[in-house]
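In the numbering used here, the protein residues as written are 5 to 381.
Ideal Cβ placement from N, Cα and C applies to all residues, glycine included.
Contents: one structure, followed by commentary.
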């Protein structure tokens, strides 16, 4: 028994490396399988579109073909009449986005059904992260997104969040019901006035929302707590907080110490944002926004830029999180500062009504995908 324990200790690192390689391989297989399925559905959707929109297929054709498919391929799933119509919607929506000059239907009905979706994504001037996200999100997720979203930007917002945070379909529905996109990029700020590069300023504007649902943080005494308690609770759930903030945030430290002329100052939460290539200081306030709060945040940003920021990084950005604010007051107040700052509100678990209390992202996405595909380790 002792020898067995020694062997386990000796090979533990090797076991973990091999295990990680297996899980990563299974994850890649799952992602590739999902991308192939999306391409298949896209191609079939195009074929159905070309036949139905031109009138070649008569009434009830989709139902008849679905029944025949079941006879040709017993046990076939996912090709019910309603789902084949969803495939048509999937094709018609995205072909108009990926090939804006193409007028459907144009499928060659004498040819085999093609599945060029991923190739079209790669040539549609999309970022690699967007192409990967699209390929990783399941068809049922895409269906829900297309049903609810009114614009391509809104659809891409939810596609990216689903891929980054491994949302279940039910979780996605909750976020859609909460109309989370409406708060995206709408926080009062002075980014376009204080960030010289317009493109970076636009990215900064899109990187933050005007309200954050911190439903995983439950302060027992809802009326009797201070900012430090919220900060500690956030650090205890830092992975979920980063998911709430969005793609690109890297946590550095809570109560980050800055020494200025031998006097100590502490930033509540300090992050690095990869898309912006800058430090992000987050200050927590329990009560309603006060213009004076921006003075403290502005000072922290000056200190970070002078003592912490690296030469190749952009100016530090500050976000003030408070429980209440008047957007009119904030917009007026931030104009007087030359540091990039914005103000958002937050709600804790104790203050979130149904149905939003269930908006808890799935963290272990790889495991979830493997389980859904029957490959759980």
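Nearest-angstrom Cα separation, counted from residue j out to residue i
i, j, result
"residue 311", "residue 261", "11 Å"
"residue 341", "residue 186", "26 Å"
"residue 356", "residue 182", "The predicted position of residue 356 is uncertain, since its pLDDT is 41 and thus under 50; a value taken from the coordinates is nonetheless stated next. If I take the Cα positions, the gap works out to 11 Å."
"residue 246", "residue 57", "45 Å"
"residue 126", "residue 288", "41 Å"
"residue 112", "residue 85", "A caution first: residue 112 carries a pLDDT of 47, below 50, which makes its placement in the model too unreliable to give a value."
"residue 95", "residue 147", "11 Å"
"residue 20", "residue 144", "33 Å"
"residue 130", "residue 39", "16 Å"
"residue 60", "residue 169", "42 Å"
"residue 294", "residue 316", "33 Å"
"residue 218", "residue 34", "31 Å"
"residue 184", "residue 351", "14 Å"
"residue 175", "residue 248", "13 Å"
"residue 136", "residue 214", "27 Å"
"residue 80", "residue 23", "33 Å"
"residue 241", "residue 231", "15 Å"
"residue 259", "residue 266", "17 Å"
"residue 283", "residue 55", "54 Å"
"residue 250", "residue 133", "13 Å"
"residue 180", "residue 172", "12 Å"
"residue 37", "residue 64", "31 Å"
"residue 236", "residue 263", "22 Å"
"residue 257", "residue 304", "14 Å"
"residue 32", "residue 18", "21 Å"
"residue 193", "residue 158", "21 Å"
"residue 15", "residue 286", "42 Å"
"residue 201", "residue 188", "21 Å"
"residue 243", "residue 178", "20 Å"
"residue 331", "residue 66", "51 Å"
"residue 62", "residue 48", "17 Å"
"residue 68", "residue 329", "58 Å"
"residue 152", "residue 138", "17 Å"
"residue 70", "residue 128", "32 Å"
"residue 154", "residue 78", "38 Å"
One or two residues paired with residue i in a DSSP bridge
i, result
"residue 3", "One cannot answer for residue 3 here, as it falls past the ends of the chain, which runs 5 to 381."
"residue 15", "Paired residues: none, contrary to the question."
"residue 263", "268"
"residue 282", "277"
"residue 184", "Looking at the DSSP assignment, residue 184 forms no beta bridge with any residue, so it has no partner."
"residue 151", "Residue 151 is not bridged to any residue."
"residue 350", "216"
"residue 33", "According to DSSP, residue 33 bridges with nothing at all."
"residue 323", "286, 346"
"residue 258", "273"
"residue 335", "Answer is none; residue 335 lacks a bridge partner."
"residue 253", "277"
"residue 175", "In the DSSP output, where bridge partners are listed per residue, residue 175 has none listed."
"residue 292", "328"
Cβ separation of residue i and residue j, assumed to be a contact under 8 Å, to the nearest whole Å
i, j, result
"residue 92", "residue 53", "5 Å"
"residue 320", "residue 313", "6 Å"
"residue 46", "residue 164", "Their Cβ separation, rounded to whole angstroms, is 19 Å, which puts residue 46 and residue 164 out of contact at 8 Å."
"residue 156", "residue 101", "6 Å"
"residue 221", "residue 239", "About 10 Å separates the two Cβ atoms, so there is no contact after all."
"residue 255", "residue 269", "So it is not a contact: roughly 19 Å between Cβ atoms."
"residue 210", "residue 252", "About 11 Å separates the two Cβ atoms, so there is no contact after all."
"residue 150", "residue 97", "5 Å"
"residue 99", "residue 142", "No, residue 99 and residue 142 are not in contact; Cβ-Cβ is about 20 Å, not under 8 Å."
Contact under 8 Å by Cβ, residue i with residue j
i, j, result
"residue 216", "residue 325", "yes"
"residue 322", "residue 336", "no"
"residue 191", "residue 348", "yes"
"residue 291", "residue 327", "yes"
"residue 123", "residue 167", "no"
"residue 298", "residue 333", "no"
"residue 280", "residue 207", "yes"
"residue 212", "residue 82", "no"
"residue 204", "residue 87", "no"
Within-8 Å CB hit, residue i to chain D
i, result
"residue 246", "In the structure shown, chain D does not exist; there is a single protein chain."
At least 3 beta-carbon pairs within less than 8 Å: the segment 62-76 vs the segment 26-33:
no
Does the segment 329-346 come close enough to the segment 189-198 to have 3 or more Cβ pairs within less than 8 Å?
yes
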